[in-house]
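Structure first, commentary second.
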Amino acid sequence: MSRLLPYPILSACLAATWLLLNAPLSPGNVLLALSIGLTVPAVMLALRAPSVRVRAPGTLARLAVIVLYDMVRSNIDVARIILGLRGGERRTGFVTIPLDIREPFGLAILSIILTGTPGTLWVQYDSDTGCLLIHVLDYTDGEEWVRRVKDRYERPLMQIFAP
Numbered sequence: 791m792s793r794l795l796p797y798p799i800l801s802a803c804l805a806a807t808w809l810l811l812n813a814p815l816s817p818g819n820v821l822l823a824l825s826i827g828l829t830v831p832a833v834m835l836a837l838r839a840p841s842v843r844v845r846a847p848g849t850l851a852r853l854a855v856i857v858l859y860d861m862v863r864s865n866i867d868v869a870r871i872i873l874g875l876r877g878g879e880r881r882t883g884f885v886t887i888p889l890d891i892r893e894p895f896g897l898a899i900l901s902i903i904l905t906g907t908p909g910t911l912w913v914q915y916d917s918d919t920g921c922l923l924i925h926v927l928d929y930t931d932g933e934e935w936v937r938r939v940k941d942r943y944e945r946p947l948m949q950i951f952a953p
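Taking the numbering used here, the leading residue of the sequence shown gets 791, the next gets one more, and so forth.
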């Protein structure tokens with residue numbers, strides 16, 4: 791790891807992604823890709839994020855499959871709601887979930903999962919009480935949402951990032 795290229799793989803991926811998203815290839819795009827590929831990793835080096843150790847890679851793989859399934863299912867459900875293909879009245883609501891996980895990386899991954907899944911949104915987290923507030927597009931039963939988040943996401947994340 792050098793000072794110019796602290797994260798060479800990240801630099802290459804950022805530059806390649808920039809070039810792919812900004813076709814056609816031109817000198818200006820190449821210059822921007824190089825500047826992004828060099829600047830972003832340098833900023834990340836300044837942040838000095840601690841390294842993360844995954845304790846249960848098998849659980850991580852199972853969680854990835856669960857999240858992928860939930861995202862596909864949620865996309866279909868949200869599309870049905872938006873297009874009016876679902877009978878009955880739509881109710882949105884907020885759910886407060888008491889979390890046991892306190893590990894910052896686990897909380898960050900949980901926020902990505904909940905916000906990235908259509909129909910749910912991470913609204914607020916109180917680190918003093920460990921309570922998470924989420925917004926749900928298709929609110930039916932708050933206790934069901936508490937069980938879903940704790941069983942499907944929080945428990946595996948606690949196993950993956952256990953100290």
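Just so you know, even glycine gets a beta-carbon here, dropped at the ideal spot from N, CA and C.
- Taking a contact to require three or more Cβ pairs closer than 8 Å, the segment 928 to 942 and the segment 885 to 892 qualify as touching.
- Counting C-beta atoms within 10 angstroms of its own C-beta, Met948 has 16 or more neighbours from the protein chains shown and is therefore classed as buried.
- For the set Arg852, Pro831, Ala832, Thr807, the Cα lying nearest the Cα of Val820 is the one of Thr807.
- If you draw a straight line from the Cα of Met861 to the Cα of Ile826, it comes to about 30 Å.
- In this chain, the beta strand (DSSP E) harbouring Pro888 covers 883 to 888.
- In the structure shown, Ile891 adopts coil according to DSSP, grouped into three states.
- Tyr915 and Thr882 have their alpha carbons spaced roughly 19 Å apart.
- Note that the C-beta distance between Asp941 and Gly909 is not below 8 Å.
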